[in-house]
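Scroll down for the structure; my scribbles are underneath it.
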Amino acid sequence: MRETLLLLGLGLMISCGNPPERRAVSAEQLAKAQCSTCHVYPGPELLPKKEWSNVLPHMGLRLGIEAADIDPFAQMKLDEIHRITYEGVFPEEPVITDSLWAKIENFFISNAPDSFDLPERNYPESTRIFKTTFPEISIGGSPFISMTKFDKNGILYLADWSGHLIQLNSSLEINQFTNFPRPVVDINTISDETLLALSIGDLYPNDRTIGAVARTNPSTLSTPELLFSDLPRPVHFDVGDIDNDGLEDLLICNFGNYVGDLSWYKNAGTGYEAQLIKNAPGATRSFLLDLDNDQDLDIIALFAQGDEGISLFYNEGGVFEEKRILRFHPLFGSNDIEILDMDGDNDLDIVLSNGDNGDHSITLKPYHGIHIYLNDGAFNFSETYFFPMYGASKVRASDFDQDGDMDLIAASFFPENGEGLKRSIIYLDNTGDFNFEPYRIAGADKGRWMVMDSGDFDQDGDTDVVIGSFTLTNEGIDKEVLTEWRKSKNYIMVLENQTARH
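According to this note's numbering, the sequence shown is numbered sequentially starting from -11.
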């Protein structure tokens, strides 16, 4: 799931090139040559020595170097093995000699820090904007929330690990309820009669094609009707008329694991036809927008697996031309983006959260947090602001305090333990000129926050926030804390905005 245990599957992809020339090169040159073929070069300073010792064997697998006690196909289904083998994820023969690989390993470990300097960050608690509540919702079981989503009408939906899809009313009570065969991770309301739901298939990292799109009635949440399936672990979708034929098409982020894609699905009237846009894993969140004012829908998409980054896809009659606008190293841990005008110059900027620790290096990282990238007007982006936040997962932007500028709220799925749990949800109050005052949110230490959305659930004219807790996995969290969270029944945290009442 980056939605969800998206957060747990982000591995390192390192080389898909040819063997290095047989000439004398330094260990650093060799590492850069091999480790920048398919993604941004990750320097040794990005992990402590101990973590590199865990990561490097998995990197070697991508070069055809066998690793003791690591079978990349262990516990995979036969269909997964076939897909991964067909795509050539793991070379059948090594593309580098054992001695050269040992040289690369030694370079990373020798030049890596022993540990990170991780200063403790203390922030005051927000008491002015939000009132925190934990609604009593009779779902059953522990908090395994896979989605919180406001639809285009402002109606709030929840989904969980068991396949429940729940519609809440403005009093945060269950209004409608239905069941899907597998967990729902996204929904879009098309009309008064049609709601489309996207099922990931299996939340855990895998390369099976068991995701699906189904249809139900939003008024009754009737028994879901399957529209199409065989999707590779989809996590997000958008709806729009991509080919300008008058029918609503679908754009789906098929995150996958080792194998995935970004595709659009043409509405043919009697069914949907898959149209590949980009063959790469990690598509996490996308937006359909007319970026070049030519009366068709273009795409902005975040990719968060190996070759991480953000791309524009210009629509040329249903065929898309990619422009890479931001690219990140494979330890960056991209999770979520917002696309909006942050500086009031009438173009689209980017807010990004990075903090995924669900790979082979579960450790606090000082480069995780919230970033703002400003658009120069020609879709060239530069970083203007960074707020460090361990394990940042979700981010939403809105003028929460209604003072005329955009504020931010962020949640962490991989927070610091102990007192750090109280900093797992942060409100960033925009005070002007890209200065943000950080505030803790009361009750942030009462769950593990994987999904989040913002909207006006109580229809009082300001923007509220709903955050879902997913306590199934224990990576990076103390066992005793996780046990308490599972018993708590704190399925969602609601931040009820008080601004309109002041």
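Backbone N, C-alpha and C define an ideal beta-carbon position, used for all residues, glycine too.
Quick caveat, the model's predicted, so the values are computed rather than measured.
If we ignore side chains and look at the alpha-carbon of each, how far apart do P30 and K20 end up?
-> 8 Å
Taking the C-alpha atoms as reference points, what is the distance between A55 and S457?
-> 36 Å
M481 - containing beta strand (DSSP E), residue span | I480 to N485
For G443, which residues does DSSP report across the bridge?
-> D452
Is R315 helix, strand or coil when you go by DSSP?
-> strand
What does a CB cutoff of less than 6 Å around R10 pick up in its chain, not counting 5 residues either side in sequence?
-> At R10, the pLDDT of 47 sits below 50, so the modelled position is not reliable and the matter cannot be decided from this model.
N110 - DSSP class collapsed to helix/strand/coil | coil
Which whole runs of the alpha helix (DSSP H) in the region 339 to 411 are 4 residues long or more, in chain order?
-> none
Hey, quick one: how far does the beta strand (DSSP E) through L300 stretch, first residue to last?
-> E296 to E304
C-alpha gap between M481 and G76, whole angstroms | 43 Å
Look up G435 in the DSSP assignment and say whether it is helix, strand or coil.
-> coil
Find out if the Cβ-Cβ distance for the pair K37, A100 is shorter than 8 Å.
-> yes
DSSP state of M47 mapped onto helix, strand, coil = helix
P45 to E93 span [Cα, whole Å] | 9 Å
In whole angstroms, what separates the C-alpha of E484 from that of S114?
-> 12 Å
V28 - DSSP class collapsed to helix/strand/coil = coil
Straight-line CA distance for L191 to F402?
-> 17 Å
Residue ranges of each alpha helix (DSSP H) within the region 201 to 284, 4 or longer = none
Drop a sphere of 10 angstroms on the beta-carbon of N334, count the other beta-carbons inside from all chains shown, and report buried for 16 or more, exposed for fewer.
-> exposed
Own chain residues within Cβ distance below 6 Å of T487, not counting five before or after | D389, Q390 and D450
Where Y74 falls: helix, strand or coil (DSSP) = helix
Terminal residues of the beta strand (DSSP E) in which Q164 lies | I162 to N167
For E425, collect the residues of the same chain with a Cβ closer than 8 Å to its Cβ; drop the 5 residues on either side in sequence, then sort them by chain order.
-> L416, D417 and T419
Are the region 146 to 164 and the region 193 to 202 touching by the rule of at least three beta carbon pairs closer than 8 Å?
-> no
Exposed or buried, which one is Y74 when buried takes at least 16 other CB atoms within 10 Å?
-> exposed
Quick one: give me the first and last residue of the beta strand (DSSP E) that F424 is part of.
-> N423 to R428
Kindly indicate which residue of R312, K311, D329 and A271 has the alpha-carbon position closest to the one of A292.
-> A271
Exposed or buried, which one is F316 when buried takes at least 16 other CB atoms within 10 Å?
-> buried
To which residues of the same chain is K119 closer than 6 Å at the C-beta, ignoring the five residues directly before and after it?
-> E484 and Q486
At least three beta-carbon pairs within less than 8 Å, the region 433 to 440 to the region 391 to 410 | yes
Can you tell me the Cβ-Cβ gap for N176 and V227, rounded? I've got them flagged as a contact below 8 Å.
-> 5 Å
Which stretch, first to last residue, makes up the beta strand (DSSP E) that contains A90?
-> It is not in any beta strand (DSSP E) - A90 instead sits in the alpha helix (DSSP H) that spans D86 to N99.
Check N323 in the structure and name its three-state DSSP category.
-> strand
Alpha carbon to alpha carbon, what distance is there between L340 and M394?
-> 14 Å
Can you tell me whether DSSP reads V83 as helix, strand or coil?
-> coil
In whole angstroms, what separates the C-alpha of N478 from that of I413?
-> 15 Å
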